[in-house]
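Encoded as structure tokens, the structure appears first; notes follow it.
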């Protein structure tokens, strides 16, 4: 039976790091052998700052990377943004700054392989890095979705379809919500992430998943210092 853990936290790195390390330990993170290829898949939808609650928080991404490095694995942070360049998203979100001290590669998905996810969809193009990974750490953001209402950890893996092929699938399924939901579920089962950590400390409600949504939740006071890594109040906040 799948194990589900719920933890309360703020975005203080001193709090987040041991919390995420502890969860991954309980969920079987020790199975990462030295040299394992670990794909870390945050939600990098569009250029946005942490306070907009659209993207996975940079400290959650950093903690997942550090955990993989501690297992002597080879982490890769990757996604296929829907809007904007990958490099701008990393800068605006604070992820580039958060990962700067770490030995980790990050890049957008580019190459893909055709993988059969079952009927009625058949073979679809999924990022090569996803197929070749030994472990996938799925890092979605807790937010509403104007088409699918709420998808939690499932729809984040739709980002494993590279580039323009994502809107193609939106067009193919059209307004048929049950059909699109089936696509998301079959894709999730085919990719089968080893771990999913949902960033819900600051969530997004209303007309998500982008900038029309409204942030909902707590935020640490600006005076709080977050070490190691960048200070929370120095991350982009507008």
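In full-length UniProt numbering, the protein residues as written are 1 to 238. Even for Gly, the Cβ is constructed at its ideal location relative to N, Cα and C. Remember, predicted model here, so these are calculated numbers, not experimental data.
Residue i: first and last residue of the uninterrupted alpha helix (DSSP H) it sits in
i: residue 67; result: 58-70
i: residue 93; result: 86-93
i: residue 25; result: 13-26
i: residue 128; result: 128-132
DSSP three-state assignment for residue i, whether helix, strand or coil
i: residue 214; result: strand
i: residue 4; result: coil
i: residue 167; result: helix
i: residue 82; result: coil
i: residue 53; result: coil
i: residue 46; result: coil
i: residue 159; result: helix
i: residue 141; result: strand
i: residue 174; result: coil
i: residue 245; result: With the chain represented from 1 up to 238, any question about residue 245 goes unanswered, as that position is not in the structure.
i: residue 10; result: coil
Other residues of its chain near residue i: CB distance less than 8 angstroms, five sequence neighbours each side excluded
i: residue 122; result: 116
i: residue 103; result: 69
i: residue 53; result: 141, 143, 202, 203, 204, 213, 215, 216 and 217
Member of the options whose CA lies at the smallest distance from the CA of residue i
i: residue 13; options: 99, 208, 215 and 152; result: 99
i: residue 46; options: 210, 217 and 214; result: 210
i: residue 60; options: 81, 94 and 87; result: 94
i: residue 164; options: 82, 203, 78 and 107; result: 82
i: residue 147; options: 207, 16 and 125; result: 207
i: residue 136; options: 49, 79, 15 and 217; result: 79
i: residue 73; options: 134, 160 and 143; result: 134
i: residue 192; options: 216, 215, 126 and 199; result: 126
i: residue 183; options: 214, 151, 213 and 144; result: 151
i: residue 21; options: 197, 202 and 159; result: 197
i: residue 185; options: 157, 205 and 170; result: 157
i: residue 37; options: 105, 92, 2 and 54; result: 105
i: residue 39; options: 15, 109 and 118; result: 109
i: residue 259; options: 66, 124 and 87; result: Because the chain is modelled from 1 through 238, residue 259 falls outside the range shown and cannot be assessed.
i: residue 114; options: 160, 34, 50 and 28; result: 160
i: residue 187; options: 52, 119, 149 and 203; result: 119
i: residue 24; options: 132, 43 and 3; result: 3
i: residue 33; options: 84, 75 and 215; result: 75
i: residue 27; options: 41, 204, 77 and 5; result: 5
Residue range of the beta strand (DSSP E) that includes residue i
i: residue 185; result: Residue 185 -> not in any beta strand (DSSP E); alpha helix (DSSP H) instead, spanning 177-191.
i: residue 102; result: No beta strand (DSSP E) holds residue 102; DSSP gives it neither H nor E.
i: residue 206; result: 199-206
i: residue 112; result: 112-116
Exposure label - residue i; buried when at least 16 CB within 10 Å
i: residue 129; result: buried
i: residue 140; result: buried
i: residue 175; result: exposed
i: residue 155; result: buried
i: residue 213; result: buried
i: residue 227; result: Since pLDDT at residue 227 reaches only 40, below the 50 mark, its modelled position is unreliable, and the value read off the structure follows with that caveat. By the 10 Å Cβ count, residue 227 comes out exposed.
i: residue 29; result: buried
Contacting residues, own chain, Cβ-Cβ under 6 angstroms from residue i (five flanking each side not counted)
i: residue 179; result: 173
i: residue 17; result: 63
i: residue 90; result: 96
i: residue 56; result: 42, 43, 139, 141 and 199
Proximal residues to residue i (C-beta, below 7 angstroms), its chain only, five neighbours per side dropped
i: residue 200; result: 142
i: residue 153; result: 138, 140, 196 and 198
i: residue 239; result: Because the chain spans 1 through 238 in this model, residue 239 falls outside it and cannot be assessed.
Contact test: residue i Cβ vs the ligand COA heavy atom, cutoff 7 angstroms
i: residue 98; result: The ligand COA is absent from the structure shown, which contains no ligand whatsoever.
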